[in-house]
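Residue numbers (my numbering): 1244 to 1671. Every residue gets a Cβ at the ideal spot worked out from N, C-alpha and C, and that includes glycine.
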Amino acid sequence: MHFRLRLSTLILLFTVQSWAIDFDSKTEVFVAGNSYYATDSQYAEKNQTLYFLSSDNKIKLNSKFEFALSPEVYFLDNAKSENKDKAFIDAKELGLNYFGSKLSWTLGFFQMKKEGSDILDPLDYQQPKNYLDPLHSGKLSLLGLKAELAVNSYLTFEVGFVPVNRIPVIPQESSAWYPREGVLPTESNSYLITLPENPNYHMTNKERSKDDLKNNYIFKTKITTSYTDIVLQVAETLSSSPDISPTLTGNLISASPIFTIELTNPIELDVRWKKVKNYGGGFNIPLESMGLIIKLFSNQEISEDKKTLMTTVAFEKTLGNLIAILEATTQSINSRVDNSNLSTMTNLYNNAQALGLRYAPNDKFSVLAGGLYDSAHGSYVGTFRPKYLFTQNAYVELQIIAVGGKKDSLLSYFDKADSASLKIGTSF
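In structure tokens form, the structure reads like this:
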């Protein structure tokens, strides 16, 4: 749908100016079925379907101003969920955009976009996310001001300021993404926490003080030359994922050789969000028929003496119609890990290796395939995504995700939680 209107508008002391309004719309419909291949009764109640609708709408007021309205709607169909758990609505973009010759800015709701082709990008961790369905997590919008200044073709500055941050959305207490049998996987091997039959989870301390949410910023510098691309950034914001630990209320099963506790219902999960300050940088060096990407990321909790250093190294290679990316990441923490902290989906990226492939034999058909192995916990995630373009503005994409891991790792409990999804997109 595309139309053009001529309007005569009185602005700036009744000066008549001709404005051209262009409307462009891009809509995506996404349906994902988790546990799609689970057939035994033990996992039947964990089957769930995620429906996702995204619509990007831009109204161009003139050559410099644009109004963006891009809603996103999530609906999770799960028999164990209550009505309040099912729907989630967000605005990926909602506000005014300005595009100048050197300066551009956005006022309203926006998202910080990921840059580069690397898979495990530590510099992309600055924005709260929607983990309603962890296999299909997405960024939450931020309400504030984002500006970019292109000094010249070599130097660009980007800054974002958010007066009050948002708390990421995590799975509800009834979600199948919390273990229902066996043990609770922790970040440390010092504890063994076993579950009772039919565990009943209850979240506590989900809200942080207002001071932890205030005055968030990110400042980024990008330097582009014929030899390398360099990115430097500093940010202060809320952590993208919380520390989750159970209240150790239950029966002591054993004290040797490992401290073992069997929890009793209800199981209280303490959810702690942290205000963090981080520094990061990276560079991309084009080698002969290959690209080298190296990034460093330092994260410090403001309220606690805990620092984290993450390093990623990636190689990108092009072979005809095939693009391959091989990447590894390592993380070191300079403070003692809380023995009772649970492993979460975000822990998969702390010490991991990833391989990504993209094959595009023509302009209409492409295939993405990738795999990630978490060497710290023995977990893996694999994905396969063929995509076909019917026209320049319409496509269909199939995505299959498989997860698993060794015994007592986080993903070992979801080795039947594979996902098959279908995405249809079109623009007008």
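Three-state class that DSSP yields for residue i in the structure shown
i	result
residue 1366	helix
residue 1320	strand
residue 1620	coil
residue 1378	helix
residue 1491	coil
residue 1456	helix
residue 1662	strand
residue 1611	strand
residue 1392	strand
residue 1654	helix
residue 1250	Low confidence applies here, because residue 1250 scores a pLDDT of 32, under 50, leaving its location unreliable and the question unanswered by this model.
residue 1484	coil
residue 1383	coil
residue 1468	coil
residue 1499	coil
residue 1541	strand
residue 1446	strand
residue 1606	coil
residue 1554	strand
residue 1348	strand
residue 1630	strand
residue 1598	strand
Own chain, CB closer than 6 Å to residue i, minus 5 neighbours either side, in chain order
i	result
residue 1639	1631, 1667
residue 1388	1350, 1404
residue 1610	1602, 1629
residue 1342	1307
residue 1462	1402, 1477
residue 1612	1600, 1627
residue 1598	1569, 1614
residue 1391	1347, 1401
residue 1595	1572, 1615, 1617
residue 1472	1527
residue 1386	1352
residue 1560	1533, 1567
Proximity winner among the options, relative to residue i (alpha-carbon distances)
i	options	result
residue 1294	1307, 1332, 1618, 1541	1332
residue 1232	1459, 1618, 1502	What is shown of the chain runs 1244 to 1671, which leaves residue 1232 out entirely.
residue 1539	1376, 1557, 1549	1557
residue 1563	1532, 1418, 1438	1532
residue 1501	1594, 1437, 1380	1437
residue 1552	1320, 1665, 1543	1543
residue 1465	1426, 1396, 1521, 1420	1396
residue 1468	1418, 1526, 1421	1526
residue 1369	1358, 1608, 1377	1358
residue 1507	1634, 1442, 1406, 1620	1442
residue 1550	1521, 1364, 1338, 1379	1521
residue 1620	1593, 1641, 1634, 1633	1593
Beta-carbon proximity list for residue i, same chain, < 8 Å, skipping 5 on both sides
i	result
residue 1334	1312, 1313, 1314, 1315, 1352, 1384
residue 1445	1416, 1509, 1510, 1511, 1512
residue 1672	Only positions 1244 to 1671 of the chain appear in the structure, and residue 1672 is not among them; the question remains open.
Inter-residue spacing [alpha-carbon to alpha-carbon] between residue i and residue j
i	j	result
residue 1575	residue 1554	9 Å
residue 1366	residue 1457	21 Å
residue 1604	residue 1567	14 Å
residue 1434	residue 1428	9 Å
residue 1344	residue 1301	20 Å
residue 1348	residue 1474	20 Å
residue 1440	residue 1494	14 Å
residue 1371	residue 1519	13 Å
residue 1408	residue 1340	21 Å
residue 1413	residue 1523	26 Å
residue 1637	residue 1534	31 Å
residue 1297	residue 1336	11 Å
residue 1490	residue 1398	50 Å
residue 1355	residue 1381	12 Å
residue 1496	residue 1423	19 Å
residue 1607	residue 1421	40 Å
residue 1426	residue 1498	16 Å
residue 1376	residue 1418	9 Å
residue 1541	residue 1479	12 Å
residue 1665	residue 1338	30 Å
residue 1299	residue 1406	25 Å
residue 1634	residue 1641	17 Å
residue 1394	residue 1364	26 Å
residue 1529	residue 1362	17 Å
residue 1536	residue 1565	18 Å
Same chain, Cβ closer than 7 Å to residue i, neighbours up to 5 away in sequence not counted
i	result
residue 1516	1410, 1451, 1455, 1481, 1482, 1485
residue 1505	1437, 1439, 1493, 1494, 1496
residue 1545	1518, 1519, 1520
residue 1503	1435, 1437, 1496, 1497
* Asked: What are the uninterrupted segments assigned as beta strand (DSSP E) that are 3 or more residues long and contained completely in the region 1398-1425, given in chain order?
  -> Counting whole runs of 3 or more residues, the region 1398-1425 contains the beta strand (DSSP E) stretches 1398-1407.
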